[in-house]
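Q: Residue numbers (my numbering): 1 to 664.
Every residue, glycine too, gets a C-beta built ideally from N, C-alpha and C.
The structure under discussion is supplied below as structure tokens; questions concerning it will follow.
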């Protein structure tokens, strides 16, 4: 049963991809949606058996690499952490498959798209269920390749090409660090199996553990879009909206978080790595929230919100609260998928317009979509008793309860980010649904709610965004809950859940909620009641500079292009011209061949046919030979003495052969 969870999406991908012409578009829809639904059902059973009943399952298939003391096998581990990740991945993937049957109904390449979606789901399941780092790495690289195919689905568009290449190359940077980390793991532990590494971690050198932890973080930073490897995620909005929902809610970006949560027994023995992770996460959350304030593309606003929430998750890992981080991963997956799919419904019904400044007043045309996006936004804001509240607010409280520099830093930036998140979320709601219509009249007349294939996934995700946190928060993050058992390790010195729950001042607990209410209220006021304030602000000199800075995403792309990429290209050009086509060609096969040919041509030129020239050669040869014979009398050098004997022998052989050759 457990392996069937992985096999069904792979089977669906192969059938839809290789037999797409035979089964047709409808057949592709039916097969992929059915296979994903079966996998989701089996994952639910697995969650009950493994998670609720506490009986992890390990499945060994066969040995993969067996070389001296390096032993790697195809083995799968279904523990509490794995089955918890199965739930958002499979549920959301299934709903996105159903949603896409309507969203891309008129696209001529439906089979290819559904094949990619199912293959992506398979690789994500492979990643979270592998029992060693190498099986996980297969899934890791698989989702990287398929994400390139999905982002570049409209491959005739140059912008999609650029976005896909950027996503792939920036992830290569992180994968380089991750690969080195795996080599270091094997060098230190002599194994890549989770069980071996985690049991030996407490006895290893702290410096080595720190280096490995930072290398693992490097891989997670690229996949989960943390500063400074975040630039690819907003650009990947060039993909169709279902891809945005799948990649940036449930799968691709959560892979880095899963890697860090899975590696908790390593990270816990490196306080330095935990400090760096906390600072990176808190900084990313604040940075992305400030950038989201001034974006005008509907999907890019939600993309920056994703980066910001990923910052919260990484921050929770740095604070050693792995269960809370995982809870936020799952909660965030549901309400962020809801927001992306809701945005897709808006774009689809509004003539593919994505600029929120050209919308407005859509609440009367798309009441259900408005309700769904409002639920998603309120959950994102951590509104009390909605899903997001049970993990996001807890992360901020845990940061303060850590009572350290990194904890206070994370608390301050996390609280400010909560206010900024509320502001740009309600800015989006206001400009799209509530303000006066700013679009074309004909577009409004043709705007309507989508069909059931779109409405049903939105409805189900809205229910999850409201109730999931309330129902399952005690199981995942409740005080004293032993749900994760041995799948997560927290050093007893780093446990701060009791502090966060029972000893913080009330104002500290309420500050993020107060800032969220202020942010949401100010967005409604500034875009409804006092719009001239925003206009005057952006027309001032200081306002223009701030707007340009934030809209330029802190100029990270400019810095990369001018100071890293261009320097790299120039260096590569120099290496190509000087080293590859210069030095290597001179001393390589080409240089060797040309040297022999030139030498032979020069020697051939000596054969003039004039007897006086030959007598000159003989005279020079005899003089040289005499010099070599008597050289030891002039120079007392051992090497020349040895060399002299070789030359005399060759010369004597040459002169003895000349008469024989002439006789023949």
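#1: State the DSSP-derived secondary structure class of residue 216, mapped to helix, strand or coil.
#2: Flag this pair as yes or no: are the beta carbons of residue 74 and residue 61 separated by less than 9 Å?
#3: Could you name the residues that DSSP lists as bridge partners for residue 130?
#4: Quick one: Cα of residue 219 to Cα of residue 395, how far?
#5: Rounded to the nearest angstrom, how far is the Cβ of residue 311 from that of residue 281, given a contact under 8 Å?
#6: Going by DSSP, what residues sit across from residue 65 in a beta bridge?
#7: When you compare each of 119, 93, 247, 66 to residue 665 by their alpha carbons, which one comes out closest?
#8: Between the segment 491 to 506 and the segment 387 to 403, are three or more C-beta pairs nearer than 8 Å?
#9: Classify residue 528 as buried or exposed, calling it buried when 16 or more other Cβ atoms lie within 10 Å of its own Cβ.
#10: Mind pulling the alpha helix (DSSP H) runs of 4 or more residues that sit fully within the segment 221 to 271?
#11: Could you please give the first and the last residue of the uninterrupted alpha helix (DSSP H) stretch that includes residue 389?
#12: Enumerate in chain order the residues of its own chain whose CB-to-CB distance from residue 100 is below 6 Å, with the five nearest sequence positions on each side excluded.
#13: Apply the 10 Å Cβ neighbour rule to residue 317 and answer buried if 16 or more other Cβ atoms are within range, or exposed otherwise.
#14: Count the other C-beta atoms from every protein chain shown that fall within 10 angstroms of the C-beta of residue 448, then say buried if there are 16 or more, exposed otherwise.
#15: Taking the beta carbon of residue 221 as the centre, do at least 16 other beta carbons fall within 10 Å, making it buried, or is it exposed?
#16: Output yes or no for whether 9 Å exceeds the beta carbon distance between residue 119 and residue 3.
#17: Can you check which of these residues, 379, 414, 365, is closest to residue 441 by C-alpha distance?
#18: Helix, strand or coil: which one does DSSP assign to residue 9?
#19: Which residues in the same chain as residue 232 place their Cβ atom closer than 6 Å to its Cβ, once the five residues preceding and following it in sequence are excluded?
#20: Should residue 122 be labelled buried (16 or more other beta-carbon atoms within 10 Å of its own) or exposed?
#21: Can you tell which of 546, 348, 27, 114 has its C-alpha closest to the C-alpha of residue 446?
#22: How many Å lie between residue 596 and residue 604 at the Cα?
#23: With DSSP collapsed to three states, give me the class of residue 60.
#24: In angstroms with no decimal places, state the Cα-to-Cα distance between residue 5 and residue 578.
#25: Using the Cβ count rule (16 or more neighbours within 10 Å means buried), how would you classify residue 329?
#26: Between residue 245 and residue 340, is the Cβ-Cβ spacing less than 9 Å?
#27: Under DSSP, the alpha helix (DSSP H) around residue 599 begins and ends at which residues?
#28: Closer than 7 Å by C-beta to residue 134: which residues in its own chain qualify, once you throw out the five before and the five after it? Chain order, please.
#29: Let me make sure I understand the geometry here. Which of 492, 382, 223 has the alpha-carbon closest to that of residue 467?
#30: For residue 589, count neighbouring C-beta atoms within 10 Å of its own C-beta (all shown protein chains included) and say buried if the count is 16 or more, exposed if not.
#31: For the segment 524 to 543 and the segment 295 to 308, state whether three or more C-beta atom pairs, one from each stretch, are separated by less than 8 Å.
#32: When you compare each of 143, 486, 14 to residue 198 by their alpha carbons, which one comes out closest?
#33: On a Cα-Cα basis, can you pick out the residue from 534, 81, 206, 142 that is closest to residue 56?
#34: Which residue from 226, 237, 113, 97 puts its Cα closest to that of residue 20?
#35: By Cβ distance below 6 Å, which residues in the same chain neighbour residue 297 in space, the five residues on each side in sequence not counted?
#36: Is the beta carbon of residue 143 sitting closer than 9 Å to the one on residue 117?
A: Based on what the coordinates show:
#1: Position 216 of the chain shown, counted from the first residue, corresponds to residue 216. Helix, per DSSP.
#2: Working through the chain shown from its first residue, we reach residue 74 at position 74. Working through the chain shown from its first residue, we reach residue 61 at position 61. Going by C-beta atoms, residue 74 is nearer than 9 Å to residue 61.
#3: Here residue 130 refers to the residue found at position 130 of the chain shown. Its beta-bridge partners are 76.
#4: In the chain shown, counting from the first residue as 1, residue 219 sits at position 219. In the chain shown, counting from the first residue as 1, residue 395 sits at position 395. Whole-angstrom Cα-Cα distance: 23 Å.
#5: Here residue 311 refers to the residue found at position 311 of the chain shown. Here residue 281 refers to the residue found at position 281 of the chain shown. Between residue 281 and residue 311 the Cβ distance is about 5 Å, and since that is below 8 Å, they are a contact.
#6: Residue numbering aside, residue 65 sits at position 65 when the chain shown is read from its first letter. BP columns for residue 65 point to 72.
#7: This structure cannot settle anything about residue 665, because the visible part of the chain is limited to 1 through 664.
#8: yes
#9: Position 528 of the chain shown, counting from 1, holds the residue named residue 528. The residue is exposed, with fewer than 16 neighbouring Cβ atoms inside 10 Å.
#10: 232 to 235, 241 to 245, 252 to 262, 264 to 267
#11: In the chain shown, the residue the question calls residue 389 occupies position 389. Per DSSP, residue 389 belongs to the alpha helix (DSSP H) from 389 to 400.
#12: The residue you call residue 100 lines up with position 100 of the chain shown. Excluding sequence neighbours, residue 100 sits near 242.
#13: On the chain shown, position 317 is the one that residue 317 refers to. Label assigned to residue 317: buried.
#14: On the chain shown, position 448 is the one that residue 448 refers to. Label assigned to residue 448: exposed.
#15: Indexing the chain shown from 1 puts residue 221 at position 221. Result: buried.
#16: Within the chain shown, the letter at position 119 stands for residue 119. Within the chain shown, the letter at position 3 stands for residue 3. Contact flag unset, no.
#17: Residue 441 sits at position 441 when you count from the first residue of the chain shown. That would be 365, whose Cα lies nearest to the Cα of residue 441.
#18: Position 9 of the chain shown, counting from 1, holds the residue named residue 9. Reduced to three states, the DSSP call for residue 9 is helix.
#19: Residue 232 sits at position 232 when you count from the first residue of the chain shown. Closer than 6 Å at the Cβ level, and outside the excluded window around residue 232, lie 166, 167, 170.
#20: If you number the chain shown from 1, residue 122 lands on position 122. Buried, because 16 or more other Cβ atoms sit within 10 Å of the Cβ of residue 122.
#21: By one-based count along the chain shown, residue 446 stands at place 446. Ranking the options by Cα distance to residue 446, first place goes to 348.
#22: Along the chain shown, read from residue 1 onward, the residue named residue 596 stands at position 596. Along the chain shown, read from residue 1 onward, the residue named residue 604 stands at position 604. So the two alpha carbons sit approximately 12 Å from each other.
#23: What you label residue 60 is simply residue 60 of the chain shown in a count that begins at 1. Strand, per DSSP.
#24: As a working note, residue 5 is residue 5 in the chain shown. As a working note, residue 578 is residue 578 in the chain shown. One C-alpha to the other measures close to 54 Å.
#25: To locate residue 329, count along the chain shown from 1; it is residue 329. Residue 329 comes out buried.
#26: As a position in the chain shown, residue 245 is number 245, starting the count at 1. As a position in the chain shown, residue 340 is number 340, starting the count at 1. Cβ atoms of residue 245 and residue 340: closer than 9 Å.
#27: Position 599 of the chain shown, counted from the first residue, corresponds to residue 599. It spans 589 to 605 - the alpha helix (DSSP H) in which residue 599 sits, taken as one unbroken run.
#28: In the chain shown, counting from the first residue as 1, residue 134 sits at position 134. The answer, listed in chain order, is 72, 192.
#29: Numbered from 1 along the chain shown, position 467 holds the residue referred to as residue 467. It is 382.
#30: The residue given as residue 589 occupies position 589 in the chain shown. That one is exposed.
#31: No contact exists between the segment 524 to 543 and the segment 295 to 308.
#32: Here residue 198 refers to the residue found at position 198 of the chain shown. Per the Cα distances, 486.
#33: The residue given as residue 56 occupies position 56 in the chain shown. Nearest C-alpha to residue 56: 81.
#34: The count along the chain shown starts at 1 and reaches residue 20 at position 20. With distances taken between Cα atoms, residue 20 lies closest to 113.
#35: Start at 1 with the first residue of the chain shown, and residue 297 comes out as number 297. Correct list, in chain order: 354.
#36: For the purposes of this step, residue 143 is identified with residue 143 of the chain shown, where counting begins at 1. For the purposes of this step, residue 117 is identified with residue 117 of the chain shown, where counting begins at 1. Going by C-beta atoms, residue 143 is not nearer than 9 Å to residue 117.
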